[in-house]
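J.:
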């Protein structure tokens, strides 16, 4: 799939993808049950969304059994990177430092998270 053809999932589609990335190939029933833990959603709504996502080539349906099994065609990391790039451009005019400063300023960052950030910065500086 070329970069231009990568679908941009909506919020609802992203919630479905999150379930499939976490649980692997799943039935509509399982996805619906997982989504219902956080918000009220109808089974037929989940089914229709997943059918639309299959038409958009975000999901693939295995229809060999009575209960169709859906699997994501979008890679989690690639989708996250694409969404982050889009958000970074739209909200921070492409400035990663503004994003990081805002994120760190608005939350209680743990020592472990700060150490992970330091390690990442060390790796990035060492690679240059």
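In the working numbering, the protein residues as written are 2 to 129. Just so it is clear, CB atoms sit at the ideal spot from N, CA and C, and this is done for glycine as well.
(1) Identify whether residue 60 lies in helix, strand or coil by the three-state DSSP scheme.
(2) Any chance you could list the beta strand (DSSP E) runs of at least 3 consecutive residues sitting entirely within the segment 10-85, in chain order?
(3) Using the C-alpha atoms, what's the distance from residue 89 back to residue 116?
(4) Whole-angstrom Cβ separation of residue 70 and residue 63, contact assumed at under 8 Å?
(5) Considering only the beta carbon of each residue, do residue 32 and residue 47 sit closer than 9 Å?
(6) Alpha carbon to alpha carbon, what distance is there between residue 84 and residue 111?
(7) Can you find the residues in the same chain that come closer than 7 Å, C-beta to C-beta, to residue 74, ignoring five residues on each side of it along the sequence?
(8) For residue 113, count neighbouring Cβ atoms within 10 angstroms of its own Cβ and tell me buried if that reaches 16, exposed if not.
(9) Buried or exposed: which applies to residue 80, given that a residue is buried once 16 or more other Cβ atoms fall within 10 Å of its Cβ?
(10) For residue 100 versus residue 92, is the C-beta distance shorter than 9 Å?
(11) Buried or exposed: where does residue 125 fall if 16 or more other Cβ atoms within 10 Å of its Cβ makes it buried?
(12) Decide if residue 121 is buried, meaning its Cβ has at least 16 other Cβ atoms within 10 Å, or exposed.
T.: Taking the definition as stated:
(1) Secondary structure of residue 60 (DSSP, three-state): strand.
(2) Fully enclosed beta strand (DSSP E) runs of 3 or longer: 60-63, 70-73.
(3) Rounded to whole angstroms, residue 116 to residue 89 spans 23 Å at the Cα level.
(4) Yes, residue 70 and residue 63 are in contact; Cβ-Cβ is about 4 Å, under 8 Å.
(5) By the CB criterion at 9 Å, residue 32 and residue 47 fall inside the cutoff.
(6) Spanning the two alpha carbons is a distance of roughly 25 Å.
(7) Same-chain partners within the cutoff: 58, 59, 60, 61.
(8) Exposed, since its Cβ has fewer than 16 Cβ neighbours within 10 Å.
(9) Classification for residue 80: buried.
(10) Yes, they are a contact pair.
(11) Here residue 125 is exposed: its Cβ has fewer than 16 other Cβ atoms, across all protein chains shown, within 10 Å.
(12) That one is exposed.
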